[in-house]
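Undergrad:
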Amino acid sequence: MRYSLEQYDKHGFLKAPLWLWLGWLFLAKAWVIFILAGASRENGAQILDILYPDHQLFYFDLFMGLPSLMLMWAIGLRSPDRPWLNKAIGITRLLTLAIAAGQFTQTIYHVYLEHGAFRWSNAVTLIILLWFMLYTYKSRHVRDCLANKPTNS
């Protein structure tokens, strides 16, 4: 037995690891900022202007983060009664890698637009995205968690 019984949900599916949840949350960071800006009513526009001076970029990041939110929602809905959802969860790993690669490419493009000027935000984002892509690609726990069917072995 590779995983302990606590790591399985009530339907026999392996629960998503914490690092996968945190990675999905990072991919949906524009939505987190959007919610924080909405929660602080008076300063919401200022927060968005500081973090996203280009509003087109903000909307693009919202669009790029939407699949991550959908994946976080869908993984909690898995059950043996929903075979169509289980098949959809089966491609989640590839979708997560594609989203992370898209955001990595977008960040590289921002560095290009700034003529290679160093910014900590870009550097940290690139490192986190690279680490998350490697983790999602290499992790056996992620691969087993996103399998098409319940695994009880």
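Numbering of the sequence shown is given in numbering that gives the first Met the number 0, commencing with residue 0 and proceeding in unit increments. We put the beta carbon where it would ideally sit given N, CA and C, even for glycine.
1) Does S67 pass the burial test, meaning 16 or more other C-beta atoms within 10 Å, or should it be called exposed?
2) Measure the CB-CB distance between A27 and G75 and report whether it falls below 7 Å.
3) According to DSSP, is Y7 helix, strand or coil?
4) Give every residue of the same chain whose Cβ lies closer than 7 Å to the Cβ of A15, excluding the five residues on either side of it in the sequence, and list them in chain order.
5) Let's test the definition: count the other Cβ atoms within 10 Å of the Cβ of I98 and tell me whether it reaches 16, buried, or not, exposed.
6) Would you check if the stretch 92-107 and the stretch 133-143 touch, i.e. whether three or more CB-CB distances between them fall below 8 Å?
7) Can you give me the C-alpha to C-alpha distance between W72 and W23, rounded to a whole angstrom?
8) Rounded to a whole number of angstroms, what is the C-alpha to C-alpha distance between G115 and S78?
9) Please state whether DSSP places L76 in a helix, a strand or coil.
10) Any idea if I127 is buried or exposed, counting beta-carbon neighbours within 10 angstroms, 16 or more meaning buried?
11) Given that a residue counts as buried once 16 or more other Cβ atoms are within 10 Å of its Cβ, and exposed if not, what is I88?
12) Report the partner residues of L13 according to the DSSP bridge assignment.
13) What's the C-alpha gap between V110 and I34?
14) Along the alpha helix (DSSP H) that carries H109, what are the first and last residues, could you check?
TA: Taking the structure as given:
1) buried
2) no
3) strand
4) I74 and C144
5) buried
6) yes
7) 11 Å
8) 48 Å
9) coil
10) buried
11) buried
12) Y7
13) 26 Å
14) T91 to L112
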